[in-house]
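K.L.:
My questions all concern the structure below.
Protein chains: 2
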Amino acid sequence: MLRTHTCGELRPDHIGQTVTLTGWVQRTRDKGGILWIDLRDRYGLTQLALEEGVETEEVRAQARELGREFVLSVTGKVAERHSKNDKMPTGGIEIRVEKLEVLNAAKLPPFLIEDETDGGDDLRMKYRYLDLRRNPVRRNLELRHRVAQATRRFLDGQQFIEVETPVLIKSTPEGARDFVVPSRMNPGEFYALPQSPQTFKQLLMVSGFDRYFQIVKCFRDEDLRADRQPEFTQIDCEMSFVTQEDILNTFEKLVQYLFKEVKGLEIGELPRMTYADAMRYYGNDKPDTRFEMKFVELNDVVKGQGFPVFDAAGLVVGINAHNSAMYTRKQLDELTEFVKRPQVGATGLVYARVEADGSVKSSVDKFYAQDELQKWKAAFNAQPGDLLLILAGEPNKTRKALSELRLEMGQRMGLRDKDTFSPLWVVDFPLLEYIEEEGRYFAMHHPFTSPKPEDVALLDSPDTIGEVRANAYDMVINGVEVGGGSIRIHDRAVQARMFSLLGFSDEEAKAQFGFLLDAFEYGAPPHGGIAFGFDRLCSLFGGADSIRDFIAFPKNNSGRDVMIDSPSPISGAQLKELSIATAVEKK
Amino acid sequence: MLRTHTCGELRPDHIGQTVTLTGWVQRTRDKGGILWIDLRDRYGLTQLALEEGVETEEVRAQARELGREFVLSVTGKVAERHSKNDKMPTGGIEIRVEKLEVLNAAKLPPFLIEDETDGGDDLRMKYRYLDLRRNPVRRNLELRHRVAQATRRFLDGQQFIEVETPVLIKSTPEGARDFVVPSRMNPGEFYALPQSPQTFKQLLMVSGFDRYFQIVKCFRDEDLRADRQPEFTQIDCEMSFVTQEDILNTFEKLVQYLFKEVKGLEIGELPRMTYADAMRYYGNDKPDTRFEMKFVELNDVVKGQGFPVFDAAGLVVGINAHNSAMYTRKQLDELTEFVKRPQVGATGLVYARVEADGSVKSSVDKFYAQDELQKWKAAFNAQPGDLLLILAGEPNKTRKALSELRLEMGQRMGLRDKDTFSPLWVVDFPLLEYIEEEGRYFAMHHPFTSPKPEDVALLDSPDTIGEVRANAYDMVINGVEVGGGSIRIHDRAVQARMFSLLGFSDEEAKAQFGFLLDAFEYGAPPHGGIAFGFDRLCSLFGGADSIRDFIAFPKNNSGRDVMIDSPSPISGAQLKELSIATAVEKK
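These protein sequence lines are chains L and R, in that order.
Sequential numbering of the first sequence, starting at 187, is according to our numbering.
Sequential numbering of the second sequence, starting at 187, is according to our numbering.
What follows is the structure, given as structure tokens:
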């Protein structure tokens, strides 16, 4: 190696040794007749010292020419540090420089390579290789590495085998949009990039692999939101001869292990909540359970008192924001504005305060006398100082809006601490959901999810089909769905029926999934699995909101990599060879 | 779990316990009043017994209906086995079946699910999920998993960080053909799938990641030969602040570790051979060194004796096949046919035998007297019983042909044992090679490889440019290149010059690799790396010739996955959305 030690390695024990370090110039200072240089590498920061009359004038002259981010090789003696710094692991020593070599010069970076940088998002993306030098960004990717290693260690210990499934597969109409790849050798035909290895992992179960996993790239050509990437990574898992209970237990242990290994935290047993309860109490199938603030339904309490908004509403429902009665008019107006945003979708907000004397003061006192308001207080089990926030309207929309308001209040009340983790299982999802615009049922999870045996009879009538529950489950942490899965269908007839319910003709089902239907005829075992969003899991562990911070080279919201300037046009010769043409005018 | 134990788990210690097993019916026999079933899962095989008058007639009736590959759940008592089988781990016990449930029936598989199967390649590919049930195929993928786990464990221990680089990148003209992906959001533009993460791993070095690795899918749209796949997997690695020596030492240790962990073998230190010696002694930059049989150059020995073929040849060169003088006329004719094949390319074969009395008998005795032939014998250091095989012609072609002959003889003489491993480093590759048809130099490794500092001056003259050696190295095992890499260029000016030597205009270089050239201006450290062909490494460990056996779902020679029938046409709506059209008539 061009170095004897890293920049994070030297301690007072090394004093007197001659060492060679390599790294980047973090900063230089000239103070009190001493030139100081902080040299940085992945492992840490080491202080170099060049003192007038001690170190040679030649090497001091060299040092004076250094700029930020120059790459150096430095040889010198480890010495006791002039002014010790207990906060730095190398804070007890410094290097008295005898020899200094510039391995590469550097232009002044377009933004500061510091924990807090002055670079905007776009600039940092264009120079991502410089952004990655910053400690917080590098630490995110180190964390990602540790989570991946720990995941593999755990699953390997549980006899899971990592099998690589293909990236060049086949386009399927169900689900999100596929990215496709024209085949040169098969003109007019296309591969697709996998949205997940779903069918392949099921085939591996048919093959008897028993326990499969893979940390694998998946691809969805969707319109990107802040927190979506066209390519993302899953921890993809499947097991044979299991019930839902076995899967929950196995992967609960995985997540406990990861929290312990990566965060040093014992998260304990994961509570379970039915989808129905999650919707009823949180208006959300991924409830943030770091705080309670459960929904309280008020139809029985508030109706028939002459307030037209409540009387006309399908659902009146509220939350109790403890100790928030001191909210000002301005703050309450902000909340009203918040719930009226199109993304939230409520028409207005009713609030009520419980005063110190136990009386209730509401924004609709005109319609409700104090004894009526005392019933509200009882329904919420509210105490003096509590603030009750109530929405009304069409039930589903109202629950959704109240869920947003609940999260907003949780945020405002400091109940959503990034270092607190509240994982749970949400179970008993509906099998199908009716999408109004499409006029048909869609698989809520995916078409391979099995119905609960006790609900199968409900599939027979169009009136009850929406009530069928699936053997499906999500793992939710802090309001984020980190993983989801199901017990799969392993019976050909059931799978064919499912395709038919989803509007596939027999021919379409055969053309798209014939291989899977065939496979089910040759001895498919009962099986099920789960997939975790790996980027999301890492961002959760890292306490960040965006998965982008945990991806080395992410794409922007237009799906572009602005650093390498991709996508880009390709040559006419390439197009011709692929037997395709672009059907757009180039701008 | 639906089972209490696996089919590989039960031992005489378990006798008397009631257990539940699940698995596939391997075979059934009815003999001596007992129905025998072999039940199989990934972990092994367990014998089930249903005896007349002991087990119930009801369960025996069920058992009689079972076919091959039915999926069962079986409950019963572990008993001492009727006839013990020491070769099976479970050979001491059997299960006396009390309850039997068919979890899924199976059609008769299209080929035998046995170690030796009757299924042809095409059939097995179409029903790959059944082929994967066979022990040898499953064991290959288990081995692959172990190699991957061990690789990660080793590199993690050496402070390498696994970083995922993007799959949707940018098409580049150098190298093999890219697979491309039309971008819906950027009409007329395309992503490309990476042939390797080369530039990204170099950028990670510029970012200070210091030690990077990734087990990563790569893609090349090349015409497929038996042993190539459009998607393949690399162990991709890069290190900063290193010399070639550091890289060789680090990855020699990785491969030693893998041999130890996966094969239980100590392979010792890897010898090093220059490219020049490899070509001189083996006619091949990936010599199979499991056996010697080095080339002996004979120009000085054989010329000027009136044999026109030798006199006219640029090179006369041969090998000594020890103890093969007993080769018959027919065998020698076969060898002559062999060297004349177009893939080998020689025009004829001269041979000579060393007789028991030390005299030499050659196929060109007409031109060479015995005292001349004795000089041949001396040149080859040949002993009685040896067979000398000699080719002549244009030097490069002749070396290549003799290399093929050497391998053929090694095969015939049993010197290429699959359980013997002879790894080595080949070093000092040329930087550039001139491709006659293209009329220009190409990078022998890739455009990012650095020249040896002592050879840089040779770049200045067109006469010596081909002599420049690179800081490039390959790891070769048993005649297979399992890995290759180089110390990279980290200086912008040198990199720009390299692009120019390779025929890039400044504009082209900037358009394609501007981000890398830019990155080199912001403090790029000296760095280098290596990539191992992971599929190839696994097939070598597994003793197989084809990488296809070590890929769960490989494609055929037309790049098709015949199981899922991909690639396939996509809908007009999909094409329109992607702003492309297919430029072929559909057949």
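We put the beta carbon where it would ideally sit given N, CA and C, even for glycine.
Using a Cβ distance threshold of 8 angstroms, determine whether the stretch 381-392 of chain R contacts the stretch 347-358 of chain R, with at least three qualifying pairs required.
P.N.:
yes
K.L.:
Grouping DSSP H, G and I as helix and E and B as strand, with all else coil, what is R:Gly700?
P.N.:
Helix at R:Gly700.
K.L.:
Check the C-beta distance from L:Tyr627 over to L:Ile663 and give it rounded, since I have them as a contact under 8 angstroms.
P.N.:
So it is not a contact: roughly 29 angstroms between Cβ atoms.
K.L.:
Enumerated in chain order, which unbroken segments of the alpha helix (DSSP H) with a length of 4 residues or greater are wholly contained in the stretch 402-481 of chain R?
P.N.:
430-444, 461-468
K.L.:
Looking at the structure shown, is R:Asp605 part of a helix, part of a strand, or coil, going by DSSP?
P.N.:
coil
K.L.:
Give, in chain order, every residue of the stretch 729-753 of chain R whose Cβ lies closer than 8 angstroms to some Cβ of chain L.
P.N.:
Ile737, Ala738, Phe739, Lys741, Ser744, Gly745, Arg746, Asp747, Met749, Ile750, Asp751, Ser752, Pro753
K.L.:
At a Cβ threshold of 7 angstroms, is L:Lys772 touching chain R?
P.N.:
Residue placement at L:Lys772 is flagged as unreliable, the pLDDT there being 48, under the threshold of 50; the coordinate-derived value follows with that caveat. So, interface residue.
K.L.:
Please state the DSSP three-state secondary structure of L:Met684.
P.N.:
helix
K.L.:
With 7 angstroms as the C-beta to C-beta threshold (strictly closer), list the residues of the stretch 286-302 of chain R near chain L in chain order.
P.N.:
The stretch 286-302 of chain R vs chain L, Cβ under 7 angstroms: Leu289, Asn290, Ala292, Lys293, Pro295.
K.L.:
Quick check on L:Arg226: does DSSP put it in helix, strand or coil?
P.N.:
Three-state DSSP puts L:Arg226 in a strand.
K.L.:
Could you tell me whether any Cβ in chain B is nearer than 7 angstroms to the Cβ of R:Ala656?
P.N.:
Absent from the structure is chain B; the protein chains it does hold are L and R.
K.L.:
Between the C-alpha atoms of L:Leu591 and L:Ala507, what's the straight-line distance to the nearest angstrom?
P.N.:
Using only the alpha carbons, I get a separation of about 10 angstroms.
K.L.:
Just to confirm before moving on: does the CB-CB distance between R:Leu286 and R:Val260 stay below 7 angstroms?
P.N.:
yes
K.L.:
May I have the straight-line CA-CA distance separating R:Val245 from L:Leu644, to the nearest angstrom?
P.N.:
33 angstroms
K.L.:
Leaving out five residues before and five after L:Glu541 in sequence, what residues of the same chain have Cβ atoms less than 8 angstroms from its Cβ?
P.N.:
Ala511, Lys547, Pro570
K.L.:
From the DSSP output, which residues share a beta bridge with L:Asn506?
P.N.:
L:Leu574
K.L.:
Could you check what DSSP says for L:Lys773 in three-state terms: helix, strand or coil?
P.N.:
Unreliable positioning characterises L:Lys773 in this predicted model, as indicated by a pLDDT of 45, which lies under 50. The coordinate reading is nonetheless provided below. Coil.
K.L.:
Output the boundary residues of the beta strand (DSSP E) element that contains R:Met661.
P.N.:
658-663
K.L.:
Name, going along the chain, the residues of the stretch 219-234 of chain R whose beta-carbon falls closer than 7 angstroms to a beta-carbon of chain L.
P.N.:
Asp227, Arg228
K.L.:
Considering only DSSP beta bridges, list what R:Arg282 is partnered with.
P.N.:
R:Ala235, R:Lys263
K.L.:
By alpha-carbon positions, which one of L:Gln420, L:Leu410, L:Asp660 ends up nearest to L:Thr460?
P.N.:
L:Asp660
K.L.:
Please classify R:Ile220: does DSSP put it in a helix, a strand, or coil?
P.N.:
strand
K.L.:
Would you tell me roughly how many angstroms separate the C-alpha atoms of L:Ile505 and L:Gln517, rounded to the nearest one?
P.N.:
16 angstroms
K.L.:
Please confirm if the stretch 425-434 of chain R is in contact with the stretch 710-720 of chain R, defined as three or more CB-CB distances below 8 angstroms between the two stretches.
P.N.:
yes
K.L.:
Helix, strand or coil, according to DSSP, for L:Pro368 in the structure here?
P.N.:
If DSSP states are grouped into helix, strand and coil, L:Pro368 belongs with the strands.
K.L.:
From the beta carbon of L:Pro639, is the nearest beta carbon of chain R less than 7 angstroms away?
P.N.:
It does not: the Cβ of L:Pro639 has no partner Cβ on chain R nearer than 7 angstroms.
K.L.:
So with CB distances below 8 angstroms, who are the chain R contacts of L:Lys356?
P.N.:
Asp747, Ile750, Asp751, Ser752, Pro753, Ser754
K.L.:
R:Phe376 lies in the beta strand (DSSP E); which residues open and close that run?
P.N.:
376-378
K.L.:
Can you tell me whether R:His268 is buried or exposed, with buried defined as 16 or more other CB within 10 angstroms of its CB?
P.N.:
exposed
K.L.:
Any Cβ of chain L within less than 7 angstroms of the Cβ of R:Gln569?
P.N.:
no
K.L.:
Am I right that L:Ala705 and R:Tyr315 are in contact with their C-beta atoms under 8 angstroms? What's the rounded C-beta distance?
P.N.:
5 angstroms
K.L.:
What does the alpha-carbon distance come out to for the pair R:Thr206 and R:Asp413?
P.N.:
43 angstroms
K.L.:
Leaving out five residues before and five after L:Ala578 in sequence, what residues of the same chain have Cβ atoms less than 6 angstroms from its Cβ?
P.N.:
Val495, Phe496, Ala499, Val502
K.L.:
Going by C-alpha distance, which of R:Val323, R:Asn372, R:Ile401 is nearest R:Gln335?
P.N.:
R:Ile401
K.L.:
Roughly how many whole angstroms lie between the Cα atoms of L:Glu408 and L:Asp364?
P.N.:
9 angstroms
K.L.:
State buried or exposed for R:Tyr620, treating a residue as buried only when at least 16 other CB atoms are found within 10 Å of its CB.
P.N.:
exposed
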